[in-house]
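First the structure, in the form of structure tokens, and then the observations on it.
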């Protein structure tokens, strides 16, 4: 995540981050980020995101927010 933050700063992009500690929190955390009028969602590939990706995807799709990730397995899922 530090690498992403560094790249974002170089590009003049601001990041909004929230921890996703359990898959049960996925909908609440995703909706909280979406309420901040974000332009895109980056799904940091970890076990919690893998377990809750469909929930994240559904919430982002409802708001027409694109999702980016660096994990091919998540790309295949949506």
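Residue numbers (the working numbering): 131 to 208.
For glycine and all other residues, C-beta sits at the position ideal for the given N, C-alpha and C.
Note that the coordinates shown come from a computational prediction; the quantities given were computed from them, not determined experimentally.
Three-state secondary structure (DSSP) of residue i
i: residue 156; result: helix
i: residue 197; result: strand
i: residue 167; result: coil
i: residue 133; result: helix
i: residue 203; result: helix
Spatial neighbours of residue i in its chain, beta-carbon cut-off 7 Å, leaving aside the 5 residues before and after
i: residue 166; result: 146
i: residue 193; result: 164
Residues that DSSP places opposite residue i in a beta bridge
i: residue 215; result: Residue 215 lies beyond the residue range present for the chain, which begins at 131 and ends at 208; the question has no answer from this structure.
i: residue 172; result: 198
Distance CB(residue i)-CB(residue j) smaller than 8 Å
i: residue 144; j: residue 182; result: no
i: residue 173; j: residue 204; result: yes
i: residue 160; j: residue 200; result: no
Contacting residues, own chain, Cβ-Cβ under 6 Å from residue i (five flanking each side not counted)
i: residue 196; result: 170
Option in the options with minimal Cα separation from residue i
i: residue 202; options: 180, 140, 141, 132; result: 180
Own chain, CB closer than 8 Å to residue i, minus 5 neighbours either side, in chain order
i: residue 131; result: 147, 174
i: residue 151; result: 178
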